[in-house]
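Going by full-length UniProt numbering, 284 is the number at position 284 of the sequence shown; the sequence numbering is gapless. Ideal Cβ placement from N, Cα and C applies to all residues, glycine included. Below: the structure, in structure tokens.
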Amino acid sequence: MSAQVRDGRQSNKSCVREPLDAPAWLAAMGAGGKRTVIQHLQKGQRLPLAQVLSGTQLTLQTELAGMGEVDISVFGLDEQRKLSDERYFIFYNQTSSPEGAIRLDLNQQTFTLDLERMPLGIHRLLLAATSDDQTFADLGSGTSRVMDGQGGEVVFELTPGMFSTEQAVMLLELYRHQGAWRVAGVAQGFSGGLAALLQSFGGEVAEDAPLIGATVPAAPAVDWEATLSTLTTLFGQPAPTGPEVWLPLTSAPLDPWRERNSCQRCGRKPGLGARLNAQGLCKSCAQEEAASLQNFRTRFLAACADGILELREWEDLQRTVDRERLDARAALEFVRPEALSLLERTLAIAQSDGAVSEQEEEVFERLVGLLQMPDPMVRPLRARVAELRTVSRLRQGHLSTIDSTLILDAGEVAHLEMPATFRHVTATRTRDITGRIVLTNRQLHFVGSGEGGWNIQYGKVLRVEQRPDGINLELGVKKGSGTYHDVPQPLILAATLEALVRIHKRLLLMPQGEKASRSIPQKVKLEVWQRDQGQCVECGDTNYLEFDHVIPHSLGGASSVGNLQLLCRRCNLAKSNRI
1 MSAQVRDGRQ
11 SNKSCVREPL
21 DAPAWLAAMG
31 AGGKRTVIQH
41 LQKGQRLPLA
51 QVLSGTQLTL
61 QTELAGMGEV
71 DISVFGLDEQ
81 RKLSDERYFI
91 FYNQTSSPEG
101 AIRLDLNQQT
111 FTLDLERMPL
121 GIHRLLLAAT
131 SDDQTFADLG
141 SGTSRVMDGQ
151 GGEVVFELTP
161 GMFSTEQAVM
171 LLELYRHQGA
181 WRVAGVAQGF
191 SGGLAALLQS
201 FGGEVAEDAP
211 LIGATVPAAP
221 AVDWEATLST
231 LTTLFGQPAP
241 TGPEVWLPLT
251 SAPLDPWRER
261 NSCQRCGRKP
271 GLGARLNAQG
281 LCKSCAQEEA
291 ASLQNFRTRF
301 LAACADGILE
311 LREWEDLQRT
321 VDRERLDARA
331 ALEFVRPEAL
341 SLLERTLAIA
351 QSDGAVSEQE
361 EEVFERLVGL
371 LQMPDPMVRP
381 LRARVAELRT
391 VSRLRQGHLS
401 TIDSTLILDA
411 GEVAHLEMPA
421 TFRHVTATRT
431 RDITGRIVLT
441 NRQLHFVGSG
451 EGGWNIQYGK
461 VLRVEQRPDG
471 INLELGVKKG
481 SGTYHDVPQP
491 LILAATLEAL
501 VRIHKRLLLM
511 PQGEKASRSI
521 PQKVKLEVWQ
531 RDQGQCVECG
541 DTNYLEFDHV
551 IPHSLGGASS
561 VGNLQLLCRR
571 CNLAKSNRI
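Structure representation (structure tokens):
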């Protein structure tokens, strides 16, 4: 993170004006019938903006008497009080944020804010002042104001002696609290100037910039716990009282113009030589709509920056559609590439563990519907979701059976068969052997095309490594150990083989076809198997073993370790329901 601060910058002298001698609270009727409301703010005091100011379009103005050349800037910080996006460091070399929610007027030396356009990722707006060659001990007096343009003002007065060696001071802070904006008087600073101020927000001055007092440590006067002790806990949102309700975006209501040849947005008829576009808009409205769509894209990108679209961010997009008077479908079509990237990131996060849960699949499908994505665009993503769903079931031991092209032994059941190529590596050469892999309940068969093949017992498998086009097997023997590539479904192959190996090594037991009320937890099965040493407790047979309830389930027996035992099928049939 770096903020570009270069030589040859424009002069940013602050205006000199005497502080107001107004009472702490003044409410009077100004000239022209405007109601004037002035609230004076003390250091460390916090105040809801709505108590004094009306609307969301505000102006920040700072006047510092006794100071020479002073640079005024605004930092847009995230919830962790960090400058996570340097585009929201507004100063003389960067006079506007991307969507125009923060603008600097270099002539008037004032900032204009549009809080309604402010991205949700921006939680704090910090007004700061820095000086290259002076400390703020020279400050005689000054004020920082937040004004709404309708007579409402919040005034924070700066008095002599408030600062000493600081070359960068934080004046005012506007921050979000439970969906509303507040303002706080800060009056804290750094002796290290702009460099120290940026570093406190996680940024840094570019190397080609002069570091103002970079060797001087930050002034110890900065004590957020003392001055703004509760600000760090102001962002906790109340827990939702019910399930989240995601509503589709709806178009902004437009005035129903009845005349056929009038603009569908403003209602005016085009002049001579002018005509409406294909959407029925005049030239000025078409330009306005294009700018509005760009604003919507900026908000959408900010909402998806972390790869997760939250409900509050979706509701903010609806407010943007209403404010910009947009058609919801047109707005979503405008951000379709970005929406597809969001879906891909959502799926990538979901499959990071190699599987997808029902909740993750539900979130994915909800996003597809809300973003109105065409089916051809999301068909490959849905195929990946279906594959991951299959992988999840395979890793739980739900293996399907197939008819194999091989003649298997009696009792041997095939679970998967697909083409594969084995890479045979020797000391002198490397060659590929094409063939087919067949996974059964007993072993892995590889049948080469014209070169014979081999069988691999699952007990010899040490590791199964999935690769983009196949798997790599590490075995306890040399024969068959290596890479199998050119596999059409490497994820399915790896999951099936891993499940069969785990079942063979008693690390995973195949799910029983019982009702949920009769189900035995996996942990209990493993403990019973270890206790009974994998053999029938009656005759010692190791074939066709079943978990038996000592007290039958029909008589109230529990599926617990103490009430379960291993019996072969013959002994279990002989026992029946007897206790």
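Straight-line CA distance for residue i to residue j?
| i | j | result |
| --- | --- | --- |
| Leu58 | Leu106 | 16 Å |
| Ala574 | Phe364 | 51 Å |
| Asp78 | Arg124 | 7 Å |
| Thr440 | Ser341 | 39 Å |
| Leu228 | Glu362 | Residue confidence for Leu228 is low, a pLDDT of 40 falling below 50, so the modelled location carries little weight; the figure read from the coordinates is stated next. So the two alpha carbons sit approximately 41 Å from each other. |
| Arg429 | Gly476 | 23 Å |
| Glu157 | Leu41 | 7 Å |
| Leu197 | Val183 | 20 Å |
| Pro468 | Pro490 | 7 Å |
| Gly76 | Glu116 | 14 Å |
| Asn563 | Ala350 | 39 Å |
| Gln279 | Glu289 | 11 Å |
| residue 607 | Gln533 | This structure cannot speak to residue 607, because the chain is shown only from 1 to 579. |
| Asp21 | Asp132 | Confidence at Asp21 is low in this model, with a pLDDT of 42, below 50, so its placement is unreliable and no value can be given for it. |
| Glu99 | Asp114 | 10 Å |
| Arg323 | Ala252 | 8 Å |
| Leu64 | Gly142 | 4 Å |
| Asn455 | Leu508 | 22 Å |
| Gly450 | Leu444 | 18 Å |
| Leu497 | His398 | 12 Å |
| Ala383 | His415 | 21 Å |
| Val537 | Ile492 | 37 Å |
| Val378 | Leu347 | 11 Å |
| His424 | Glu474 | 14 Å |
| Gln294 | Tyr175 | 26 Å |
Reducing DSSP to helix, strand and coil, say where residue i ends up.
| i | result |
| --- | --- |
| Ala218 | Unreliable positioning characterises Ala218 in this predicted model, as indicated by a pLDDT of 44, which lies under 50. The coordinate reading is nonetheless provided below. It is coil, neither helix nor strand. |
| His504 | helix |
| Gln150 | coil |
| Tyr484 | strand |
| Asn563 | helix |
| Phe163 | coil |
| Thr232 | With a pLDDT of only 37 at Thr232, under 50, the local geometry of the prediction cannot be trusted, and no value is derived from it. |
| Cys571 | helix |
| Lys269 | coil |
| Ser262 | coil |
| Arg384 | helix |
| Ala278 | coil |
| Leu247 | coil |
| Ser131 | coil |
| Asp322 | helix |
| Pro419 | strand |
| Gln533 | coil |
| Ala558 | coil |
| Ser355 | Correcting the residue identity first, residue 355 is Ala in this sequence and not Ser. Coil at Ala355, not helix or strand. |
Output needed for residue i: all residues of its chain with C-beta closer than 7 Å, excluding positions within five of it in sequence on either side, in chain order.
| i | result |
| --- | --- |
| Ala355 | Leu388, Val391, Ser392 and Arg395 |
| Leu276 | Cys263, Pro270 and Cys282 |
| Thr110 | Thr59, Leu60 and Gln61 |
| Arg569 | Tyr544 and Glu546 |
| Cys266 | Cys282 and Cys285 |
| Asn572 | Glu546 and Asp548 |
| Thr298 | Pro98 and Glu99 |
| Thr159 | Ser141 |
Give every residue of the same chain whose Cβ lies closer than 6 Å to the Cβ of residue i, excluding the five residues on either side of it in the sequence, and list them in chain order.
| i | result |
| --- | --- |
| Ala339 | Leu371 |
| Thr426 | none |
| Ala494 | Val464, Gln466 and Ile471 |
| Phe422 | Ile433 and Tyr484 |
| Leu120 | Glu313 and Asp316 |
| Met118 | Ala101 |
Which residues in the same chain as residue i place their Cβ atom closer than 8 Å to its Cβ, once the five residues preceding and following it in sequence are excluded?
| i | result |
| --- | --- |
| Ser560 | Val524 |
| Arg268 | Ser262 and Cys282 |
| Thr250 | Gln318, Val321 and Ala328 |
Pop quiz: residue i and residue j are said to be a contact at Cβ under 8 Å. What is the actual Cβ separation, rounded to whole angstroms?
| i | j | result |
| --- | --- | --- |
| Thr401 | Val413 | 5 Å |
| Leu171 | Ala128 | 6 Å |
| Asp548 | Gln565 | 5 Å |
| Ala410 | Ile437 | The Cβ separation is near 22 Å, so there is no contact. |
| Leu139 | Val74 | The Cβ separation is near 20 Å, so there is no contact. |
| Gly185 | Ala168 | Going by Cβ atoms, the distance from Gly185 to Ala168 rounds to 17 Å, so no, they are not a contact pair. |
Per the contact definition of three or more C-beta pairs closer than 8 Å, is the stretch 478-489 in contact with the stretch 498-507?
Verdict: no, contact absent.
On the three-pair Cβ rule with 8 Å, is the stretch 146-161 touching the stretch 48-62?
With the cut-off at 8 Å, the stretch 146-161 and the stretch 48-62 touch.
Does the contact criterion of 3 or more C-beta pairs under 8 Å hold for the stretch 366-382 versus the stretch 326-340?
Verdict: yes, contact present.
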